[in-house]
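Report on the structure given below.
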Amino acid sequence: MRSAYYFFILIFLWSFNLAAQRNIQTINSAWEFSSEKNEKTKVVNIPHTWNAEDAFRDGKEYFRGKGTYKKSLFVPQEWQQKRAFLKFEGSNQITTVYVNEEKVGEHRGGYTGFVFDLSEALNYGEANQLRIVVDNAHNTDIPPLDADFNFYGGIYRDLQLILTNQIHFELENEATGNMLIKTPEVSAEKAQITFETKIVNHSKVSKDLHVSVDIFNPEKRKIESLSKKVQLSSAETKSINFSKVITDPDLWSPDSPKLYEAVAKISEENSKEILDEIDSKFGLRWFEVSTEKGFVLNGKPIKLIGANRHQDFEGLGNALPNSIHRSDYKTIKEMGASVIRTAHYPQDPEVYKICDELGLLVWTEVPVINDVTDTNAYHDVSLKMQREQILQFYNHPSIVMWGLMNEIFIRLVFNNQMTEEEKEAKIRTTVALAEKLEKETKRLDPDRLSVMALHENKLYNESGIADIPDVIGWNLYFGWYSPGLESFGEFLDEQHKRYPNRPLFISEYGPGADSRIQTDEPKPWDYSEAYQLKLHRSYINQVQERDYVFGMTAWNFADFGSSFRQDSRPYINQKGLVNIDRSKKDIYHYYQARLLEEPFIYIAGKNYKNRYPKDANDSLRITVFSNAEEVKLEVDNTEFTSEVEDGIAIFELSLQEGNHELIATDDTVSHSREIEVKFRKNLVAEIDQYAILVNVGTHVNFTDESTGETWISDQEYKAGSFGYVGGSVYQKKQQ
Ligand code: GCB
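Note that the numbering used here numbers the sequence shown so that position 97 is 322, with each residue one more than the last.
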């Protein structure tokens with residue numbers, strides 16, 4: 226019976242082709258939404274989050290509680306011959322589904338997919354009420370408990386309604402119906418492949434079936450057809466597996482991301498009619514890692530350099546259309562990256578598809594971050610998340626590492642309230658969970674690497690947790706949270722000395738940077754783009770010098786929402802290589818100069834147009850990124866030349882006041898930019914006409930995005946000028 230509060234009804238008429246074996250449609254549009262916080266009901270489309278605005282307005286107070294989505298769905302009589310499933314790609318974080326007020330399922334965890342079978346709860350030949358309650362309140366039994374990103378609530382990834390025949394490939398499982406394609410042994414000569422499916426008979430009678438898998442090569446030519454006869458009793462579920470050895474495989478790699486495809490079908494014996502069909506892409510490659518050789522893919526060593534990526538976007542929270550997921554990874558690939566880390570959780574299924582297609586190696590992880598709870602419930606959800614992640618994304622050749630945990634002792638280390646006994650108990654439960662996660666990961670997938678990201682603290686080694694996974698990722702913030710850029714390499718050398726067989730990866734590094742803040746004299750904590758450049762340059766060099774470090778991922782590809790942060794832009798972590806709206810910071814182009822093979826040149830300073838030297842004798846700095854050995858810079862018809870070191874050519878120029886066009890070239894490619902020069906001394910001279918805008922007490926220039934005005938860095942007062950008398954320029958953290 227329809228309850229009274231369905232005050233406006235969105236009748237959803239389904240136009241399925243009932244003859245087809247399986248029908249998949251998104252059921253994203255026009256849901257009636259209300260939340261505990263805001264009783265006003267509105268119509269929303271999925272992907273949806275209710276925190277896209279308040280997480281950037283109310284800080285830590287953004288709403289965490291229950292949101293309810295409702296829809297009226299007309300279910301034709303003919304569907305009685307079918308099975309109907311609801312498939313979520315991700316919904317944060319407890320999701321409960323009701324059909325006509327009968328509960329059909331509940332799922333815990335916000336970053337993996339899940340499927341509910343609606344068939345038994347539906348009323349056929351009439352309208353059915355779907356009600357989905359999503360709860361993103363803090364829950365001590367569900368990771369993440371605490372982290373430096375927002376836990377946006379809602380059904381923030383696509384939702385599908387899937388109609389199958391009574392006999393179908395199993396859907397309602399932790400793999401969300403994925404056929405597992407395993408490639409335990411691959412070489413240049415041959416590849417061993419297995420295909421694992423499960424078939425279900427919901428009909429009342431036993432059936433003689435024919436199950437097949439067709440394999441298509443990267444040129445889309447069918448190269449194999451495997452099949453089996455199977456008898457399936459009523460209500461039975463059966464595993465059907467196939468294996469095949471392929472010779473001369475077309476290998477997958479970042480340079481040549483070749484994908485095969487498998488199509489599995491069920492038909493009744495002696496009938497051409499297909500009862501169900503599923504497909505999956507897969508790739509053939511092998512890899513190994515060691516401290517001597519680094520990361521070796523298909524026999525060739527490759528130093529992995531790339532970035533981490535959070536899944537939120539300006540104005541949208543985490544509710545992104547697939548097109549933005551795609552364009553993000555395209556941007557990462559165009560930077561020259563070979564690896565990404567989906568910190569700190571499994572991402573949209575579209576992400577792994579595009580990484581396969583573009584050729585990006587992936588470290589993907591579960592959101593077990595900062596702290597754990599010592600309950601079976603917490604441990605069980607963590608394990609389930611890892612199982613769901615592995616089973617759902619198993620077939621992607623791009624994935625090479627399954628992450629277990631991130632900085633799991635960070636809350637403990639900074640906690641002054643806990644007693645020593647409490648701390649010891651916490652360490653014990655954390656290590657026990659890590660062991661369980663490792664075991665589960667290897668049980669499901671012995672062919673990939675397990676990995677864990679640590680912060681700079683001795684507890685990881687002392688507790689033994691760092692010995693659990695195959696490889697270790699260090700999140701290192703020397704030159705930011707800890708002093709000294711060079712301490713980074715020293716720390717690594719010391720680790721390598723103590724643990725010579727432990728392959729190391731730098732899973733995070735980077736300072737906050739704000740495109741509005743510019744300087745020629747960068748310092749830690751000034752949020753300038755120049756300091757971001759200085760730190761990343763130093764880290765890349767130090768990693769390049771060390772063969773035992775097999776890769777690095779910058780923190781972070783993009784600025785992202787973090788409700789408790791008060792950096793130079795509130796509620797945003799600004800360590801991105803691009804801004805939260807994906808406009809690029811200089812540093813993005815620096816990576817292009819370091820990583821791309823085709824000729825590249827770029828004049829840094831997209832947001833450093835206004836320059837304020839003291840006078841005509843004072844110089845200003847132009848920075849050019851290039852992968853050539855030498856570059857030329859033409860300024861007002863005069864040509865200067867500079868050598869390139871670490872992808873950077875520096876030009877110190879003394880220029881007259883006014884606009885100047887700069888053209889940089891290496892004779893194959895060129896890039897131009899305009900700057901405007903104004904002398905500080907003339908600012909004072911013109912004070913009766915214009916105000917002087919001084920960024921008081923700092924050494925950086927700040928350009929206001931809304932007015933285009935630049936607030937210039939402060940200086941020591943001298944007669945006839947402006948500036949401070951006594952004191953010193955403010956620095957957030959002395960280093
Ligand atoms: C870390 C965390 C990451 C934070 C980052 C930061 O080590 O793993 O989640 O966002 O530091 O910016 O402080």
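Don't be surprised by glycine CBs; every beta carbon is placed ideally from N, CA and C.
The model shown is predicted, which means the values in this text are computed figures rather than measured ones.
**Asked** At a cut-off of 8 angstroms, is SER468 close to ligand 1 when judged by its beta-carbon and the heavy atoms of the ligand?
**Response** Reading the sequence shown from its first residue, position 243 is the one you call residue 468. Every heavy atom of ligand 1 is 8 angstroms or more from the Cβ of SER468, so no.
**Message:** Is GLU590 close to ligand 1? I mean its beta-carbon at under 8 angstroms from any heavy atom of the ligand.
**Reply:** The residue you call residue 590 lines up with position 365 of the sequence shown. Using a cutoff of 8 angstroms, the CB of GLU590 does not count as near ligand 1, since none of the ligand's heavy atoms is closer than that.
**Message:** Please determine whether the Cβ atom of TYR706 lies at a distance below 8 angstroms from any heavy atom of ligand 1.
**Reply:** Locating residue 706 in the sequence shown gives position 481, counting from the first residue. Correct: TYR706 has its Cβ closer than 8 angstroms to ligand 1.
**Buried versus exposed call for ASN270 [16 or more other C-beta atoms within 10 Å across all chains shown]** = In the sequence shown, counting from the first residue as 1, residue 270 sits at position 45. ASN270 comes out exposed.
**Message:** Quick check: what's the CA-CA separation for ILE380 versus GLY315?
**Reply:** Translated into positions along the sequence shown, residue 380 becomes position 155. Translated into positions along the sequence shown, residue 315 becomes position 90. Answer to the nearest angstrom: the Cα atoms are 7 angstroms apart.
**Asked** Beta carbon of ALA678: closer than 8 angstroms to some heavy atom of ligand 1?
**Response** In the sequence shown, counting from the first residue as 1, residue 678 sits at position 453. Judged by the Cβ position, ALA678 qualifies as a neighbour of ligand 1 at the 8 angstroms threshold, a heavy atom of the ligand being closer than this.
**Asked** Are the beta-carbon atoms belonging to LEU529 and PHE520 less than 9 angstroms from one another?
**Response** Residue mapping note: residue 529 aligns to position 304 of the sequence shown, counting from 1. Residue mapping note: residue 520 aligns to position 295 of the sequence shown, counting from 1. The criterion of a C-beta distance shorter than 9 angstroms is satisfied by LEU529 and PHE520.
**Prompt:** Relative to the C-alpha of ILE690, which residue among VAL921, MET677 and ASP480 is closest?
**Reply:** Numbered from 1 along the sequence shown, position 465 holds the residue referred to as residue 690. Closest in C-alpha terms to ILE690, from the list VAL921, MET677 and ASP480, comes MET677.
**Message:** One question on the structure: do SER787 and ASP373 come within less than 9 angstroms of each other, judged by their Cβ atoms?
**Reply:** In the sequence shown, residue 787 corresponds to position 562, counting from 1. In the sequence shown, residue 373 corresponds to position 148, counting from 1. Their beta carbons are under 9 angstroms apart, which means SER787 touches ASP373 by this criterion.
**Prompt:** When DSSP labels each residue in this structure, what does GLY335 get in the three-state scheme?
**Reply:** Residue 335 sits at position 110 when you count from the first residue of the sequence shown. In the displayed model, GLY335 falls within coil according to three-state DSSP, outside both helix and strand.
**Request:** Please classify ARG227: does DSSP put it in a helix, a strand, or coil?
**Result:** As a first step, residue 227 is located in the sequence shown; it is residue number 2 there, counting from the start. Because ARG227 sits at a pLDDT of 39, beneath the cut-off of 50, its placement in the model cannot be relied upon, and the point is left open.
**Asked** Roughly how many whole angstroms lie between the Cα atoms of ILE471 and GLU410?
**Response** Taking the first residue of the sequence shown as 1, we reach residue 471 at position 246. Taking the first residue of the sequence shown as 1, we reach residue 410 at position 185. Just so you know, the alpha carbons of ILE471 and GLU410 end up roughly 11 angstroms apart.
**Asked** Quick one: what does DSSP say PHE233 is sitting in, helix, strand or coil?
**Response** Walking along the sequence shown from the start, residue 233 turns up at place 8. Because the pLDDT at PHE233 is just 40, under 50, the model does not fix this residue reliably, and the value given afterwards should be weighed accordingly. Residue state, collapsed to three classes: coil.
**Message:** By the DSSP assignment, the beta strand (DSSP E) with ASP553 in it spans what residues?
**Reply:** The residue you call residue 553 lines up with position 328 of the sequence shown. Segment 547 to 559 is the alpha helix (DSSP H) holding ASP553; no beta strand (DSSP E) there.
**Message:** Taking 9 angstroms as the threshold (C-beta atoms), are MET777 and PHE730 in contact?
**Reply:** Working through the sequence shown from its first residue, we reach residue 730 at position 505. Working through the sequence shown from its first residue, we reach residue 777 at position 552. Result yes, Cβ atoms of PHE730 and MET777 sit closer than 9 angstroms.
**Request:** Please state whether DSSP places TRP304 in a helix, a strand or coil.
**Result:** As a first step, residue 304 is located in the sequence shown; it is residue number 79 there, counting from the start. Under the three-state reduction of DSSP output, TRP304 falls in the helix class.
**Asked** Which of the three DSSP states, helix, strand or coil, is assigned to ARG510?
**Response** Residue numbering aside, residue 510 sits at position 285 when the sequence shown is read from its first letter. ARG510: coil per DSSP, three-state reduction.
**Request:** With DSSP as the reference, label LEU238 as helix, strand or coil.
**Result:** Your numbering for residue 238 matches position 13 in the sequence shown. Because LEU238 sits at a pLDDT of 49, beneath the cut-off of 50, its placement in the model cannot be relied upon, and the following sentence gives the value as read from the coordinates. It is a strand residue.
**Asked** How about SER787: is its Cβ closer than 8 angstroms to a heavy atom in ligand 1?
**Response** Working through the sequence shown from its first residue, we reach residue 787 at position 562. Checking the Cβ of SER787 against ligand 1 gives yes.
**Message:** Counting C-beta neighbours from all protein chains within 10 Å, is the total for VAL638 16 or more, i.e. buried, or is it exposed?
**Reply:** Within the sequence shown, numbered from 1, the residue matching residue 638 stands at position 413. Exposed: under 16 other Cβ atoms inside 10 Å.
**Asked** From ASN495 to LEU434, what distance separates their C-alpha atoms?
**Response** Along the sequence shown, read from residue 1 onward, the residue named residue 495 stands at position 270. Along the sequence shown, read from residue 1 onward, the residue named residue 434 stands at position 209. Approximately 9 angstroms between the Cα atoms of the pair.
**Request:** Answer yes or no: the CB of TYR702 versus the heavy atoms of ligand 1, is any distance below 8 angstroms?
**Result:** If you number the sequence shown from 1, residue 702 lands on position 477. Within the cutoff, so yes.
**Message:** Assuming ARG762 is part of the beta strand (DSSP E), what are its boundary residues?
**Reply:** Along the sequence shown, read from residue 1 onward, the residue named residue 762 stands at position 537. Unbroken run through ARG762 is the alpha helix (DSSP H), 754 to 769; no beta strand (DSSP E).
**Request:** Rank LEU384, GLU264 and LEU388 by C-alpha distance to the C-alpha of ALA255 and give the top, closest one.
**Result:** Numbered from its first residue, the sequence shown carries residue 255 at position 30. Ranking LEU384, GLU264 and LEU388 by Cα distance to ALA255 puts LEU384 first.
**Prompt:** Can we say the stretch 703 to 718 touches the stretch 653 to 667, given the rule of at least three CB pairs closer than 8 angstroms?
**Reply:** As far as the Cβ criterion goes, the stretch 703 to 718 does not touch the stretch 653 to 667, which means the pair count is below three.
**Request:** Would you give the residue range spanned by the alpha helix (DSSP H) that GLU649 belongs to?
**Result:** By 1-based counting over the sequence shown, the position of residue 649 is 424. That run of the alpha helix (DSSP H) goes 645 to 669.
**Request:** Tell me whether the beta-carbon of TYR949 lies closer than 9 angstroms to the beta-carbon of GLY872.
**Result:** On the sequence shown, position 724 is the one that residue 949 refers to. On the sequence shown, position 647 is the one that residue 872 refers to. At the C-beta level, TYR949 and GLY872 stay beyond 9 angstroms of one another.
**Contact between the stretch 395 to 404 and the stretch 418 to 431 (3+ Cβ pairs under 8 angstroms)** = In short, these stretches touch, since the Cβ pair count reaches three.
**Prompt:** What separation, rounded to the nearest whole angstrom, lies between the Cα atoms of LYS296 and LEU396?
**Reply:** Residue 296 sits at position 71 when you count from the first residue of the sequence shown. Residue 396 sits at position 171 when you count from the first residue of the sequence shown. Approximately 23 angstroms between the Cα atoms of the pair.
**Message:** So the candidates are ASN361, LEU386, LEU500 and PRO482; which of them puts its Cα closest to the Cα of PHE394?
**Reply:** Taking the sequence shown and counting its residues from 1, the one referred to as residue 394 is at position 169. Nearest to PHE394 by C-alpha distance, out of ASN361, LEU386, LEU500 and PRO482, is LEU500.
**Asked** Considering LYS285, what are the terminal residues of the beta strand (DSSP E) in which it resides?
**Response** Along the sequence shown, read from residue 1 onward, the residue named residue 285 stands at position 60. No beta strand (DSSP E) contains LYS285, which DSSP labels as neither H nor E.
**Message:** Between the alpha carbons of ASP475 and GLY338, how many angstroms are there, rounded?
**Reply:** Here residue 475 refers to the residue found at position 250 of the sequence shown. Here residue 338 refers to the residue found at position 113 of the sequence shown. Between the alpha carbons of ASP475 and GLY338 lies a gap of roughly 31 angstroms.
**Request:** Note the first and the last residue of the continuous alpha helix (DSSP H) segment covering ASN907.
**Result:** Residue numbering aside, residue 907 sits at position 682 when the sequence shown is read from its first letter. 905 to 910 is the extent of the alpha helix (DSSP H) around ASN907.
**Asked** Hey, is GLU859 close to ligand 1, as in C-beta under 8 angstroms from one of its heavy atoms?
**Response** Counting from one through the sequence shown, the residue named residue 859 turns up at place 634. Short note on GLU859: C-beta not closer than 8 angstroms to any heavy atom of ligand 1.
**Among SER452, ALA309 and ALA400, nearest to LEU386 - alpha-carbon criterion** = As a first step, residue 386 must be located in the sequence shown, where it is residue number 161. When SER452, ALA309 and ALA400 are compared, the shortest CA-CA separation from LEU386 is found for ALA309.
**GLU486 Cβ short of 8 angstroms to ligand 1 heavy atom set** = Numbered from 1 along the sequence shown, position 261 holds the residue referred to as residue 486. No, Cβ of GLU486 sits at least 8 angstroms from all heavy atoms of ligand 1.
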